[in-house]
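In the numbering used here, the protein residues as written are 252 to 571.
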Amino acid sequence: MLTDEVLAATWGGVLGEVWGGAPLLALPAGESTKSAAVLAQVWEFLAANRLDRRAVLWVFGGGVIGDLGGFAAATYLRGIDFVQVPTTLLAMVDSSVGGKTGINLAAGKNLAGAFHHPRVVHIFPELLRTLPPREFAAGAAEIIKYGLLGDAALFAQLEREPLTVASADLHTVLRRCCELKAAVVQADERETAAEGGRALLNLGHTFGHAIEQVAGYGSYLHGEAVAVGLGAAARLSQRLGALSAADVARVDAVVARHQLPGRLREPLALDALLAAMTRDKKNRDGGIRFVVLERLGAAATRSGVPVEEVAAVWRELGAV
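Structure follows, in structure tokens:
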């Protein structure tokens, strides 16, 4: 089993009861764990415990442990099965579903990885009761994303009443997000569609990944960077003539009501942010491909966006 040190301290007794004496590797928590050095550590752990091709790696954790553990399973012995038990809101609604695994490189986020679906994903919302409020809010960013890109009713619901761990409809929201992602992934599993397709799931992420890289991995939680990215995507969509100022204000309001940042916490260098965007995985033929909003509840991919418009969005959000 693979987990992180915080979860091992919190849930170690339960893990021992459920999985008995199964070997367990607890890694440091945080985005910096998604690295080539830690991946090699996981490989050595699997080899030291003599796992063969019939083995199953159980991955108990959030998006970082899920991405890392999935990539380890995809590459150890050229591929073994793994099972995910996501422990964060973000992992439950997004990263545990869809089969994307990977690690970060110095050049950018998730640039090394593989498509490798878990055998099964077990989601237990009760695990969220011990999740720090900041982590819960970070997961809400991905839920807002799903409303914006494909479910206007879900977005309106989040406008009326921010999601909390005590929300009566939490189970329903979790299921709806998984359904939305599964439908997109099933139609375009390996993100090969010329337009739209799986790339739509990266709404806000081209901006968000740049923030994470330039600020230093760990300065922002992934969902926090995505939240800023959603506001950026809305502003870019307005500049391209698709959204109104009132629409952008609605996006900003939902982000703020879920205790998420709507702009950069401190200035970041514009040139560095633009350079980071050029290394985004969605890019085609050397150009940046953005996910923009046609309206609240519908998204599309767009290439050929003038860099001046992108720079203007960054400046509005605090870049220098």
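Backbone N, C-alpha and C define an ideal beta-carbon position, used for all residues, glycine too.
**OP:** Starting from the C-beta of residue 284, find all residues in its chain whose C-beta is less than 8 angstroms away, skip the five residues before and the five after it, and write them out in chain order.
**Re:** Stepping through the sequence shown from its first residue, residue 284 is reached at position 33. Only 255, 278, 315, 316 and 319 meet the Cβ criterion.
Original post:
Whole alpha helix (DSSP H) runs in the region 350-426 with 4 or more residues, listed along the chain?
Top reply: 384-401 and 403-411
**OP:** Please list the segments of the alpha helix (DSSP H) lying wholly inside the region 427-515, counting only runs of 4 or more residues, in order along the chain.
**Re:** 456-466, 473-490 and 496-508
Subject >> Buried or exposed by the 16-neighbour rule on C-beta atoms within 10 Å, applied to residue 473 >> reply: The count along the sequence shown starts at 1 and reaches residue 473 at position 222. Its Cβ being crowded by 16 or more others within 10 Å, residue 473 is buried.
Original post:
Are residue 327 and residue 356 touching if we call contact CB-CB under 8 angstroms?
Top reply: For the purposes of this step, residue 327 is identified with residue 76 of the sequence shown, where counting begins at 1. For the purposes of this step, residue 356 is identified with residue 105 of the sequence shown, where counting begins at 1. Taking 8 angstroms as the Cβ cut-off, residue 327 and residue 356 do not qualify as a contacting pair.
Subject >> Integer-rounded CB distance, given that residue 542 should sit under 8 angstroms from residue 550 >> reply: Here residue 550 corresponds to residue number 299 of the sequence shown, with the count starting at 1. Here residue 542 corresponds to residue number 291 of the sequence shown, with the count starting at 1. That pair is a contact at about 5 angstroms.
Original post:
Should the region 429-447 be regarded as contacting the region 463-483, the criterion being three or more beta carbon pairs within less than 8 angstroms?
Top reply: no
Subject >> Three-state secondary structure assigned by DSSP to residue 583 >> reply: Not covered by the structure: residue 583. The range shown for the chain is 252 to 571.
Original post:
Can residue 570 and residue 519 be called in contact, C-beta distance under 8 angstroms?
Top reply: What you label residue 570 is simply residue 319 of the sequence shown in a count that begins at 1. What you label residue 519 is simply residue 268 of the sequence shown in a count that begins at 1. Yes; because the gap between Cβ atoms is below 8 angstroms, this pair is in contact.
**OP:** Kindly identify the DSSP beta-bridge partner or partners of residue 336.
**Re:** For the purposes of this step, residue 336 is taken as the residue at position 85 of the sequence shown. In DSSP, residue 336 forms a bridge with 311.
Original post:
In terms of alpha-carbon separation, which member of 388, 324, 360 and 264 lies closest to residue 342?
Top reply: In the sequence shown, residue 342 corresponds to position 91, counting from 1. Measuring from the Cα of residue 342, the nearest candidate turns out to be 388.
Subject >> Exposure label - residue 270; buried when at least 16 CB within 10 Å >> reply: Reading the sequence shown from its first residue, position 19 is the one you call residue 270. Exposed.
**OP:** Taking all protein chains shown into account, decide if residue 375 is buried (16 or more other Cβ within 10 angstroms of its Cβ) or exposed.
**Re:** Here residue 375 refers to the residue found at position 124 when the sequence shown is read from its first residue. Classification for residue 375: exposed.
**OP:** Look at the Cβ atom of residue 348, then the Cβ atom of residue 371, and state whether they are nearer than 8 angstroms.
**Re:** For this step, residue 348 is matched to residue 97 along the sequence shown. For this step, residue 371 is matched to residue 120 along the sequence shown. The answer is no: Cβ separation not under 8 angstroms.
Subject >> CB of residue 434 within 8 angstroms of CB of residue 509, strictly >> reply: Reading the sequence shown from its first residue, position 183 is the one you call residue 434. Reading the sequence shown from its first residue, position 258 is the one you call residue 509. For residue 434 and residue 509, no; Cβs fall outside 8 angstroms.
Original post:
For the putative contact between residue 322 and residue 359, defined by C-beta atoms under 8 angstroms, what is the C-beta separation to the nearest angstrom?
Top reply: Residue 322 sits at position 71 when you count from the first residue of the sequence shown. Residue 359 sits at position 108 when you count from the first residue of the sequence shown. No, residue 322 and residue 359 are not in contact; Cβ-Cβ is about 16 angstroms, not under 8 angstroms.
Original post:
Residues in its own chain within less than 7 angstroms of residue 304 by CB, not counting five upstream and five downstream?
Top reply: The residue you call residue 304 lines up with position 53 of the sequence shown. Same-chain partners within the cutoff: 328 and 331.
Original post:
Quick one: Cα of residue 272 to Cα of residue 306, how far?
Top reply: In the sequence shown, the residue the question calls residue 272 occupies position 21. In the sequence shown, the residue the question calls residue 306 occupies position 55. Cα to Cα, the separation comes out at about 15 angstroms.
Subject >> Spatial distance of residue 281 from residue 364 (CA atoms) >> reply: By 1-based counting over the sequence shown, the position of residue 281 is 30. By 1-based counting over the sequence shown, the position of residue 364 is 113. Distance between the alpha carbons of residue 281 and residue 364 is about 18 angstroms.
Subject >> residue 446 versus residue 552: straight-line alpha-carbon distance, rounded >> reply: By 1-based counting over the sequence shown, the position of residue 446 is 195. By 1-based counting over the sequence shown, the position of residue 552 is 301. In a straight line, the C-alpha of residue 446 is about 6 angstroms away from that of residue 552.
**OP:** Given a cut-off of 8 angstroms, decide if residue 479 and residue 514 are closer than it, judged by their beta-carbon atoms.
**Re:** The count along the sequence shown starts at 1 and reaches residue 514 at position 263. The count along the sequence shown starts at 1 and reaches residue 479 at position 228. Yes, they are a contact pair.
Original post:
Per DSSP, what kind of secondary structure is residue 291 in: helix, strand or coil?
Top reply: Along the sequence shown, one-based indexing puts residue 291 at 40. Three-state result, residue 291: helix.
**OP:** Closer than 7 angstroms by C-beta to residue 339: which residues in its own chain qualify, once you throw out the five before and the five after it? Chain order, please.
**Re:** Counted from its first residue, the sequence shown places residue 339 at position 88. Taken in chain order, the residues that qualify are 313, 314, 382, 386 and 390.
**OP:** Could you name each continuous alpha helix (DSSP H) segment of 4 residues or more that falls completely within the region 518-558, going from the start of the chain to the end?
**Re:** 521-528
Original post:
Which class does residue 568 belong to by DSSP, given the choice of helix, strand or coil?
Top reply: As a working note, residue 568 is residue 317 in the sequence shown. It is coil, neither helix nor strand.
Subject >> Selection from 379, 293, 394 and 564 that minimises the alpha carbon distance to residue 490 >> reply: Here the question's residue 490 lines up with position 239 in the sequence shown. Among 379, 293, 394 and 564, the Cα nearest to that of residue 490 is on 564.
Original post:
Applying the criterion that 16 or more other CB atoms from any shown protein chain within 10 Å of the CB defines a buried residue, is residue 522 buried or exposed?
Top reply: For this step, residue 522 is matched to residue 271 along the sequence shown. With fewer than 16 other Cβ atoms within 10 Å, it is exposed.
Original post:
Which same chain residues, not among the five before or five after residue 488, have their C-beta less than 6 angstroms away from its C-beta?
Top reply: The residue labelled residue 488 in the question sits at position 237 within the sequence shown. So the qualifying residues of the chain are 494, 543 and 544.
Subject >> Own chain partners of residue 394 with C-beta closer than 8 angstroms, once the 5 adjacent residues on each side are dropped >> reply: Residue 394 sits at position 143 when you count from the first residue of the sequence shown. So the qualifying residues of the chain are 340, 344, 405, 409, 414, 424 and 428.
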